[in-house]
Each structure stands twice: as structure tokens, then as C-alpha cells.
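*Asks:*
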Amino acid sequence: MSTNLIKRLDEARKKRDVSRLAEAIPYAKWMLIAPETTTGELLTRMRYHETLIGNTHLPAIHGGTLGAMLEMAAIFHLLWETDAQTVPKIVNITVDYLRSAGPRDVIAAAKVTKQGRRMVNVFAEAWQDDRSKPVASASAHFLVQSDDTLPSL
Amino acid sequence: MPTPPLTTPEERVALFQQLFSDTIPHNKALGIKVLAVARGLASMRLDWRRELVGNPETGVLAGGPITAMLDSCCGMAVATLLREPKPFATLDLRIDYAKPADPKKPVIAEAECYRITRSVAFTRAFAHQGDPKDPVAAAAGTFMLGTKGEVTRSQLVSQELNK
Numbered sequence: 018m019s020t021n022l023i024k025r026l027d028e029a030r031k032k033r034d035v036s037r038l039a040e041a042i043p044y045a046k047w048m049l050i051a052p053e054t055t056t057g058e059l060l061t062r063m064r065y066h067e068t069l070i071g072n073t074h075l076p077a078i079h080g081g082t083l084g085a086m087l088e089m090a091a092i093f094h095l096l097w098e099t100d101a102q103t104v105p106k107i108v109n110i111t112v113d114y115l116r117s118a119g120p121r122d123v124i125a126a127a128k129v130t131k132q133g134r135r136m137v138n139v140f141a142e143a144w145q146d147d148r149s150k151p152v153a154s155a156s157a158h159f160l161v162q163s164d165d166t167l168p169s170l
Numbered sequence: 003m004p005t006p007p008l009t010t011p012e013e014r015v016a017l018f019q020q021l022f023s024d025t026i027p028h029n030k031a032l033g034i035k036v037l038a039v040a041r042g043l044a045s046m047r048l049d050w051r052r053e054l055v056g057n058p059e060t061g062v063l064a065g066g067p068i069t070a071m072l073d074s075c076c077g078m079a080v081a082t083l084l085r086e087p088k089p090f091a092t093l094d095l096r097i098d099y100a101k102p103a104d105p106k107k108p109v110i111a112e113a114e115c116y117r118i119t120r121s122v123a124f125t126r127a128f129a130h131q132g133d134p135k136d137p138v139a140a141a142a143g144t145f146m147l148g149t150k151g152e153v154t155r156s157q158l159v160s161q162e163l164n165k
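What follows is the structure, encoded as C-alpha cells:
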């Protein structure tokens with residue numbers, strides 16, 4: 018499954034260019050969500066564009082898009098920072114909404130909370146201008162070694 | 003602003019379509035269609051599109067668009083129960099991805115707001131592709147009521163259902 022993404026991952030690792038990962042995922046391209054390593058740390062950025070808005074009065078970015086980008090941040094982290102040979106399958110995700118997100122880029126970082134043989138727990142946090150003031154955080158479970166028919170990228 | 007009473011389910015769906023999809027840029031971009039609305043209940047549809055796919059080899063939708071629809075659908079269920087108009091926002095949202103969505107088929111969300119207090123509303127939702135007993139995803143969302151900001155037209159909408 019997802020041989021193309023794993024191929025891209027190998028290419029990206031060889032060229033040390035993580036941004037290639039997003040190119041293999043149509044939804045990430047459409048949402049302008051891409052990983053970057055410009056600061057040395059693996060981060061995932063969702064570039065602001067008007068169709069992210071969920072509340073035009075505030076204005077604020079749609080909560081669903083924050084959940085989506087935290088999920089992508091967790092996946093990019095697993096692909097890039099762990100020795101992934103297969104594409105992780107998401108089991109579930111819980112998103113906490115901490116602050117309203119304004120019409121600007123959103124950046125997220127992820128870390129593995131617990132790595133099991135089959136199951137991984139990942140924590141991800143998203144912010145805008147100030148990393149100490151996160152707009153949302155999430156914890157998610159992924160199956161990394163399984164033939165189960167769960168959604169996989 | 004007084005509006006004439008909505009007498010038919012079609013009129014209600016048209017109003018909710020306008021307030022919860024057409025005027026919300028992200029929902030409009032996803033192409034979300036409101037299917038049904040009643041007090042405490044909301045239903046929406048998301049059509050399959052190439053841009054929303056996570057894995058181009060299988061054509062399976064990414065989790066993101068389903069998450070966004072479930073969030074919106076739970077929010078709409080909350081709006082139908084507000085006794086007085088007030089701004090609200092998602093506090094937390096859990097999504098269980100039960101199985102991959104079949105490619106090229108629409109995904110239907112059905113949400114229920116089963117409890118509402120002065121400060122918090124509790125919701126549950128399922129996403130399926132025709133058989134509600136065979137869901138692709140399940141959601142539990144909690145909403146904080148009386149958050150910052152002005153009351154929007156969509157938060158006034160429960161009054162339409164009382165008529």
C-alpha cells in the first residue's frame with residue numbers, strides 16, 4: 018500500500034528534502050499543508066489561504082482544518098523521524114482547541130509519546146505567532162505494522 | 003432581523019445550507035451539502051473529489067475533509083438547540099477512523115447534540131456511506147458556549163426551528 022509515498026520518502030531522504038512528501042498527497046497539496054526543516058526541526062506548515070476560514074466574523078480558521086493539519090503533522094513526523102517502511106494507518110485523533118486561530122499560517126510540531134511494536138501514540142501541537150501560545154493540540158494513535166483495513170494515506 | 007417562518011423541511015434545509023456551508027468559506031470549498039436538520043440533529047454530505055484524496059493509489063479520502071465535516075455537522079446540531087443566540091466554538095473533537103471510505107462515493111455525516119448546558123454542549127456523530135450501521139468514522143465533540151465574538155446569523159438559527 019502506498020508504494021508511491023514510500024518511494025517519495027526514499028527520494029526525499031536521499032535528497033534531504035522533506036517537502037517532497039506533501040507532493041504525493043493530493044489533499045495536502047490542496048490545503049497547502051507541507052513539512053519543512055528550515056529551522057533544523059521538522060515542522061508542518063499550513064499556509065494561509067481564504068478557503069481555510071470557518072468564521073468570517075472573527076475571522077478564524079475552521080477547526081476542522083486545524084485537526085487535519087495536526088493529523089498531517091503527525092504523519093509527516095512518523096514518516097520522516099521514525100524508520101517507517103509503511104505508511105502509518107490512523108486509528109483515532111483527539112483535538113483540543115485552545116485558542117481561536119487567525120487568518121495567518123499555522124505551524125505544527127509532533128513527537129512520539131509512545132512507540133509500540135504495532136501502535137504509536139503521537140502528540141502534535143499547532144501555533145501561529147507565538148509557540149508558547151498554541152492554538153490547538155492533538156494526540157493520535159497510528160498502526161504502524163498491521164494488515165488491518167484502517168484508513169491509510 | 004425578523005424572518006418569515008419556515009414551514010417546510012426544504013426551506014429549513016435551504017436556510018441551513020446557506021448559513022452552514024455557502025457562507026463558511028472552508029465548508030463551501032469542501033462542497034458540503036446540508037441534507038437534513040431538526041432540533042438537536044444535523045446531517046451533511048461530502049462528495050468525493052480528487053483534491054480531497056489522501057492516497058492517490060487507492061483514491062481513499064484523507065482524514066481531514068471527514069474531520070472538517072464532522073466538526074461542522076456537530077456544530078450545526080448545537081446551533082439548533084441554542085435557547086438564546088450566543089457565539090460558540092469547538093472545545094475538543096475526537097474522531098475514530100473505523101474504516102477507509104470507499105473511493106468516489108459520498109460520505110454522509112449525522113450528528114446529534116444530546117446535552118446542552120449554559121456553558122457546554124455535548125455531541126456525537128457518525129460518518130457513513132449509505133449504511134449508518136457500517137460507519138467510516140465516529141466523532142465526539144464538545145463545544146464551549148458564550149465564547150468571544152459577535153453573534154452570527156447561524157447562531158440565531160434555532161429560532162427558526164421553534165416556529
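From first to last, the protein sequence lines stand for chains A and B.
Going by the working numbering, the letters in the first sequence line up with residues 18 to 170, in that order.
Going by the working numbering, the letters in the second sequence line up with residues 3 to 165, in that order.
Note that CB positions come from ideal geometry on N, CA and C, so glycine has one too.
Here the structure is a predicted model, which is why all the values come from computation and not from measurement.
What does residue 119 of chain A touch in chain B if you count any residue whose Cβ is under 7 Å from its own?
*Replies:* Translated into positions along the first sequence, residue 119 of chain A becomes position 102. Under the 7 Å cutoff, chain B gives no residues; its nearest Cβ is about 12 Å from residue 119 of chain A.
*Asks:* DSSP on residue 52 of chain A, reduced to helix/strand/coil?
*Replies:* Here the question's residue 52 of chain A lines up with position 35 in the first sequence. Note: residue 52 of chain A maps to strand in three-state DSSP.
*Asks:* By the 10 Å Cβ neighbour count, where 16 or more other Cβ atoms means buried, how is residue 80 of chain A classified, buried or exposed?
*Replies:* Position 63 of the first sequence, counted from the start, is the residue given in the question as residue 80 of chain A. By the neighbour-count rule (16 or more Cβ atoms within 10 Å), residue 80 of chain A is buried.
*Asks:* Between the alpha carbons of residue 13 of chain B and residue 158 of chain B, how many angstroms are there, rounded?
*Replies:* Taking the first residue of the second sequence as 1, we reach residue 13 of chain B at position 11. Taking the first residue of the second sequence as 1, we reach residue 158 of chain B at position 156. If I take the Cα positions, the gap works out to 16 Å.
*Asks:* Please identify the residue among A:147, A:152, A:90, A:159 whose C-alpha is closest to the C-alpha of residue 48 of chain A.
*Replies:* For the purposes of this step, residue 48 of chain A is taken as residue 31 along the first sequence, with counting starting at 1. With distances taken between Cα atoms, residue 48 of chain A lies closest to A:90.
*Asks:* From the beta carbon of residue 69 of chain B, is the nearest beta carbon of chain C less than 8 Å away?
*Replies:* No chain C appears in this structure, whose protein chains are A and B.
*Asks:* For residue 105 of chain B, I'd like the list of residues in its chain whose CB is within less than 7 Å of its CB, leaving aside the five on either flank, ordered along the chain.
*Replies:* Translated into positions along the second sequence, residue 105 of chain B becomes position 103. Counting only Cβ-Cβ distances below 7 Å, and skipping sequence neighbours, we find 50, 60, 61, 62.
*Asks:* In chain B, which residues lie with their C-beta within 7 Å of the C-beta of residue 114 of chain A?
*Replies:* For this step, residue 114 of chain A is matched to residue 97 along the first sequence. Correct list: 91, 92, 93, 94.
*Asks:* For a minimum of 4 consecutive residues, which ranges assigned as the alpha helix (DSSP H) are wholly contained in the stretch 22-98 of chain A?
*Replies:* Entirely contained in the stretch 22-98 of chain A, the alpha helix (DSSP H) runs reaching 4 residues are, in chain order, 37-40, 43-48, 80-98.
*Asks:* Assign residue 125 of chain A to buried or exposed, taking buried as 16 or more other Cβ atoms, counted over all protein chains shown, within 10 Å of its Cβ.
*Replies:* Taking the first residue of the first sequence as position 1, residue 125 of chain A is located at position 108. By the neighbour-count rule (16 or more Cβ atoms within 10 Å), residue 125 of chain A is buried.
*Asks:* With burial defined as no fewer than 16 other Cβ atoms inside 10 Å of the residue's Cβ, what is the status of residue 40 of chain B: buried or exposed?
*Replies:* Locating residue 40 of chain B in the second sequence gives position 38, counting from the first residue. Per the 10 Å Cβ criterion, exposed.
*Asks:* Is the shortest distance between the beta-carbon of residue 154 of chain B and the beta-carbons of chain A less than 8 Å?
*Replies:* Residue mapping note: residue 154 of chain B aligns to position 152 of the second sequence, counting from 1. So, interface residue.
*Asks:* Kindly indicate which three-state DSSP category residue 81 of chain B falls into: helix, strand or coil?
*Replies:* The count along the second sequence starts at 1 and reaches residue 81 of chain B at position 79. Helix, per DSSP.
*Asks:* Which residue's Cα is closest to the Cα of residue 133 of chain B: B:103, B:154, B:144?
*Replies:* Within the second sequence, the letter at position 131 stands for residue 133 of chain B. Closest option to residue 133 of chain B, Cα to Cα, is B:103.
*Asks:* Name the chain B residues whose beta carbon is nearer than 8 Å to that of residue 109 of chain A?
*Replies:* Residue numbering aside, residue 109 of chain A sits at position 92 when the first sequence is read from its first letter. Under the 8 Å cutoff, chain B gives 96, 97, 98, 99.
*Asks:* The beta strand (DSSP E) spanning residue 15 of chain B covers which residue range?
*Replies:* Reading the second sequence from its first residue, position 13 is the one you call residue 15 of chain B. Per DSSP, residue 15 of chain B belongs to no beta strand (DSSP E); it is in the alpha helix (DSSP H), 11-19.
*Asks:* For residue 152 of chain A and residue 113 of chain A, I'd like the C-alpha separation in whole angstroms.
*Replies:* Numbered from its first residue, the first sequence carries residue 152 of chain A at position 135. Numbered from its first residue, the first sequence carries residue 113 of chain A at position 96. Whole-angstrom Cα-Cα distance: 9 Å.
*Asks:* For the stretch 36-60 of chain A, list every residue whose C-beta sits within 9 Å of some C-beta in chain B, in sequence order.
*Replies:* So the close ones are 41, 42, 43, 44, 45, 46, 47, 48, 50.
*Asks:* Across which residues does DSSP place residue 132 of chain A in a beta bridge pair?
*Replies:* Here residue 132 of chain A refers to the residue found at position 115 of the first sequence. BP columns for residue 132 of chain A point to A:137.
*Asks:* Nearest CA to the CA of residue 30 of chain B: which residue from A:168, A:70, A:65?
*Replies:* Start at 1 with the first residue of the second sequence, and residue 30 of chain B comes out as number 28. Measuring from the Cα of residue 30 of chain B, the nearest candidate turns out to be A:70.
*Asks:* Alpha carbon to alpha carbon, how far is residue 18 of chain A from residue 132 of chain A?
*Replies:* The residue given as residue 18 of chain A occupies position 1 in the first sequence. The residue given as residue 132 of chain A occupies position 115 in the first sequence. Low confidence applies here, because residue 18 of chain A scores a pLDDT of 47, under 50, leaving its location unreliable and the question unanswered by this model.
*Asks:* Pull the bridge partners of residue 117 of chain A from the DSSP assignment, please.
*Replies:* If you number the first sequence from 1, residue 117 of chain A lands on position 100. Partner(s): none; residue 117 of chain A has no beta bridge.
*Asks:* What are the boundary residues of the beta strand (DSSP E) that residue 43 of chain B is part of?
*Replies:* On the second sequence, residue 43 of chain B is found 41 positions in, with the first residue counted as 1. Note, residue 43 of chain B: beta strand (DSSP E), 43-48.
*Asks:* Here's a check: name, in chain order, each residue in its chain whose Cβ is nearer than 8 Å to the Cβ of residue 40 of chain A, leaving out the five neighbours to either side.
*Replies:* Mapped onto the first sequence, residue 40 of chain A falls at position 23. Once the five neighbours on either side are set aside, the close Cβ partners of residue 40 of chain A are 25, 46.
*Asks:* If you compare alpha carbons, which of B:109, B:120, B:139 is closest to residue 107 of chain A?
*Replies:* Against the first sequence, residue 107 of chain A aligns to sequence position 90. Ranking the options by Cα distance to residue 107 of chain A, first place goes to B:139.
*Asks:* Quick check on the DSSP output: the alpha helix (DSSP H) that includes residue 30 of chain B runs from which residue to which?
*Replies:* In the second sequence, residue 30 of chain B corresponds to position 28, counting from 1. First-last of the alpha helix (DSSP H) with residue 30 of chain B: 27-32.
*Asks:* So, is residue 66 of chain B buried or exposed, given that buried needs 16 or more other C-beta atoms within 10 angstroms?
*Replies:* Translated into the one-based positions of the second sequence, residue 66 of chain B becomes position 64. Under this definition residue 66 of chain B is a buried residue.
*Asks:* Buried or exposed: residue 45 of chain B, going by 16 or more other Cβ atoms within 10 Å of its Cβ?
*Replies:* Position 43 of the second sequence holds residue 45 of chain B. By the neighbour-count rule (16 or more Cβ atoms within 10 Å), residue 45 of chain B is buried.
*Asks:* Label residue 11 of chain B either buried or exposed according to how many other C-beta atoms from any shown protein chain fall within 10 Å of its C-beta, with 16 as the threshold for buried.
*Replies:* Counting from 1 along the second sequence, the entry for residue 11 of chain B is found at position 9. So residue 11 of chain B counts as exposed.
*Asks:* Going straight from the alpha carbon of residue 32 of chain A to that of residue 23 of chain A, what length do you get?
*Replies:* Looking up residue 32 of chain A in the first sequence gives position 15. Looking up residue 23 of chain A in the first sequence gives position 6. Cα-Cα distance, rounded: 14 Å.
*Asks:* Leaving aside the five residues before and after residue 146 of chain B along the sequence, list all residues of the same chain whose C-beta is less than 6 Å from its C-beta, in chain order.
*Replies:* Counted from its first residue, the second sequence places residue 146 of chain B at position 144. So the qualifying residues of the chain are 91, 93.
*Asks:* Name, please, each residue of chain A whose Cβ falls closer than 7 Å to the Cβ of residue 24 of chain B.
*Replies:* For the purposes of this step, residue 24 of chain B is taken as the residue at position 22 of the second sequence. The contacting residues do not exist; residue 24 of chain B stays about 11 Å from chain A at best.
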